[in-house]
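Residue numbers (my numbering), protein chains in the order written: chain A, 20 to 346; chain B, -5 to 270.
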């Protein structure tokens, strides 16, 4: 069984979210005998070499054919297996969007689609490999649970939790190797239930994926300026923990932070939730601009997009000074 | 049952299905129906459901059943009428086709209780599902059930069909049968003028399948082809006539999806030797 020790947590962080997926995959047959794993020519990238060796009859590498992979996973799910299928997040959400829509959405086949390198982590390969629309695409399709873990331990917990529910799941894995650690020790992960990492009254930052860590650091910087921030890890984008959004309405400002387009992602989800409420504070959405980015290293792109902790902190501080928050 | 008896049972079913399909089209009124491509596959479906496939209407999820996937989802007229022949769908329900709140949609909607294993309509997806089902059957050591996937020839334009075809032979799925209803006409006209896929049989063979070409309206030929045991995935290309059985529909692209007037219906029924 997976042991959530501090040493393991450090090792998983070094491996990054793809490596963490490979660790979690080794547990899947123990969790449920019906688990199988598919990939579209990303066996090594998904850290599945050990899985392939130990469980050759549970592993299918379908080649560079993502649409077929989702269809095959659908057939396996219909026959009562629990298929995990891996590809780059951008191809999971866009190249096979129709297969995802029909198989996972319409027919509710229990496929667990794993989107690797979501966000900007392989940004050096250019815009074709950045995945900044995947949450928007997946959110618009009914019946799909969307998980976006904050660090490598949470990625492992999300994989295991996915195996334990019947519904289709899109698992968004973001970050690079040496992923920052948000959770230094074991904790309770529950799909649909956000986690408050830090308490504060002025601002509530709702963050997801890699941006949870950056938001925690931004909150520390804001504290130095006398602004107290609550930080929430919204690891489940759908169904959104609307209770937490409701509670956040007591603050002066709600902020969403994500490594995803500002259109249709976590910010969109929270905005839609707030739109249904009588009274709510202003919402500042921090995310990627509505453009295709030039290629660049992860660190460069994160900084350029204003997603590093000082930029997040500055954006929030400036917004608090603006007329939006002082009407 | 003696083979000749099976053939006559399939023949009788096909006649009834063609008649019912036309009545369903009339019932759909101005909404119309995909009647041309439904009529082209009537004999294939009759042979599958009355002669070849194993199913259990009392326990539809019986593990030892054969699986059927209608990848060309618009061919529902032939599917629903076959399911009626098999005993899954009552006759009177056929006349609710395409009506508000009817379970008989214009494209099949997943309903395992009545033998509809998957939803379809978005072309090019059924064969991948079939590959997944066949892999699952093998992992469950079910060596008796086969999976039949019915595709249109126009549908074979979709690249995902060929991704699935390649994977089926890679995984040596001798329990998978693809049936390609080659009626030669797609929405916008002749397949040969829209996107020529000929020689279609050689393409399937090149993808590692055992391939046979038969007359899709010849029930004994269909029966023999669908009864074949194969050491590879099996592709059966059935040469058919779109709108088969109705003189004014045959080989006319405009009957891909069309409404039927009462006069046309009466004439069609007369041609089929039925009293409307």
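Backbone N, C-alpha and C define an ideal beta-carbon position, used for all residues, glycine too.
Keep in mind it's a predicted model, so treat the numbers as computed, not measured.
Beta carbon proximity, residue i to chain A, threshold 9 Å
i	result
residue 124 (chain B)	yes
residue 134 (chain B)	yes
residue 207 (chain B)	no
residue 270 (chain B)	Here residue 270 (chain B) scores only 48 on pLDDT, less than 50, and its place in the model is too uncertain to base an answer on.
residue 131 (chain B)	yes
residue 128 (chain B)	yes
residue 107 (chain B)	no
residue 71 (chain B)	no
residue 62 (chain B)	no
residue 10 (chain B)	no
residue 96 (chain B)	no
residue 104 (chain B)	yes
residue 100 (chain B)	no
residue 254 (chain B)	no
Length of the line joining the Cα atoms of residue i and residue j
i	j	result
residue 197 (chain B)	residue 238 (chain B)	26 Å
residue 79 (chain B)	residue 280 (chain A)	52 Å
residue 303 (chain A)	residue 83 (chain A)	39 Å
residue 270 (chain B)	residue 263 (chain B)	For residue 270 (chain B), the predicted structure reports a pLDDT of 48, less than 50, and the residue's modelled location is therefore unreliable. The matter cannot be settled from this model.
residue 63 (chain A)	residue 72 (chain A)	12 Å
residue 192 (chain B)	residue 178 (chain B)	10 Å
residue 149 (chain B)	residue 254 (chain A)	40 Å
residue 18 (chain B)	residue 63 (chain B)	21 Å
residue 288 (chain B)	residue 58 (chain A)	No answer is possible for residue 288 (chain B): it lies beyond the span of chain B, which begins at -5 and ends at 270.
residue 169 (chain B)	residue 157 (chain A)	34 Å
residue 181 (chain B)	residue 187 (chain B)	12 Å
residue 122 (chain B)	residue 305 (chain A)	39 Å
residue 230 (chain A)	residue 326 (chain A)	8 Å
residue 267 (chain B)	residue 187 (chain A)	50 Å
residue 210 (chain A)	residue 260 (chain B)	59 Å
residue 149 (chain A)	residue 107 (chain A)	9 Å
residue 220 (chain A)	residue 226 (chain A)	16 Å
residue 40 (chain B)	residue 80 (chain A)	37 Å
Test: residue i CB closer than 9 Å to a CB of chain B
i	result
residue 97 (chain A)	yes
residue 123 (chain A)	no
residue 103 (chain A)	no
residue 44 (chain A)	no
residue 87 (chain A)	yes
residue 100 (chain A)	yes
residue 305 (chain A)	no
residue 77 (chain A)	yes
residue 126 (chain A)	yes
residue 246 (chain A)	no
residue 91 (chain A)	yes
residue 82 (chain A)	yes
Cβ of residue i within 9 Å of any chain C Cβ
i	result
residue 165 (chain B)	Given the protein chain composition of this structure (A and B), no chain C is represented.
Buried versus exposed call for residue i [16 or more other C-beta atoms within 10 Å across all chains shown]
i	result
residue 275 (chain A)	buried
residue 70 (chain A)	buried
residue 153 (chain A)	buried
residue 284 (chain A)	buried
residue 83 (chain B)	buried
residue 288 (chain A)	buried
residue -3 (chain B)	exposed
residue 251 (chain A)	buried
residue 144 (chain B)	buried
residue 24 (chain A)	exposed
residue 184 (chain B)	exposed
residue 34 (chain B)	buried
residue 110 (chain A)	buried
Check: residue i C-beta below 8 Å from any heavy atom of the ligand SAM
i	result
residue 253 (chain B)	As presented, the structure is devoid of all ligands, the ligand SAM included, so that no description of it is given.
key: Against chain B: residues of the segment 128 to 160 of chain A by CB proximity under 7 Å   = Under the 7 Å Cβ criterion, the segment 128 to 160 of chain A contributes no residue.
Secondary structure, alpha helix (DSSP H): runs of 4+ residues fully inside the segment 151 to 213 of chain A = Counting whole runs of 4 or more residues, the segment 151 to 213 of chain A contains the alpha helix (DSSP H) stretches 153 to 158 and 171 to 183.
request  = Can you check the segment 210 to 240 of chain B for any beta strand (DSSP E) of at least 3 residues that lies completely inside it and give the ranges in chain order?
outcome  = DSSP runs (the beta strand (DSSP E)) wholly in the segment 210 to 240 of chain B: 228 to 233.
task = Report the residue ranges of all alpha helix (DSSP H) runs contained in full by the segment 41 to 90 of chain B; include only those spanning at least 4 residues, in chain order.
result = DSSP assignment within the segment 41 to 90 of chain B yields the following whole alpha helix (DSSP H) runs of 4 residues or more, N-terminal first: 70 to 80 and 85 to 88.
task = Return the chain-ordered ranges of every alpha helix (DSSP H) run that is complete within the segment 65 to 138 of chain A and spans a minimum of 4 residues.
result = DSSP assignment within the segment 65 to 138 of chain A yields the following whole alpha helix (DSSP H) runs of 4 residues or more, N-terminal first: 68 to 73 and 85 to 97.
task = Please list the segments of the alpha helix (DSSP H) lying wholly inside the segment 179 to 212 of chain B, counting only runs of 4 or more residues, in order along the chain.
result = DSSP runs (the alpha helix (DSSP H)) wholly in the segment 179 to 212 of chain B: 185 to 188 and 194 to 200.
Uninterrupted alpha helix (DSSP H) stretches inside the segment 285 to 333 of chain A (no shorter than 4 residues) = With a minimum length of 4 residues, the continuous alpha helix (DSSP H) runs that stay inside the segment 285 to 333 of chain A are 285 to 294 and 317 to 323.
ask   = Between the segment 136 to 164 of chain B and chain A, which residues of the former have a C-beta closer than 7 Å to a C-beta of the latter?
value = Residues passing the 7 Å Cβ filter: 154, 157, 158 and 161.
Contiguous alpha helix (DSSP H) assignments of at least 4 residues, all confined to the segment 102 to 138 of chain B = Whole alpha helix (DSSP H) segments, 4+ residues: 120 to 133.
ask   = What residues from the segment 107 to 121 of chain A come within 7 Å of chain B, judged by C-beta to C-beta, listed N to C?
value = Hits within the stretch, in order: 117, 118 and 121.
inquiry  = Report the start-end ranges of each beta strand (DSSP E) in the segment 226 to 278 of chain A that is 3 residues or longer and not cut off at the edges.
reply    = Entirely contained in the segment 226 to 278 of chain A, the beta strand (DSSP E) runs reaching 3 residues are, in chain order, 248 to 252 and 255 to 257.
ask   = Which residues, taken in chain order from the segment 274 to 288 of chain A, show a beta carbon closer than 7 Å to some beta carbon of chain B?
value = Hits within the stretch: zero.
Interfacial residues, the segment 177 to 194 of chain A to chain B, with Cβ spacing under 7 Å = Residues: none.
ask   = Of the residues that make up the segment 37 to 62 of chain A, which ones have a beta carbon closer than 7 Å to any beta carbon in chain B?
value = Listed by position, the residues of the segment 37 to 62 of chain A near chain B (Cβ gap below 7 Å) amount to none.
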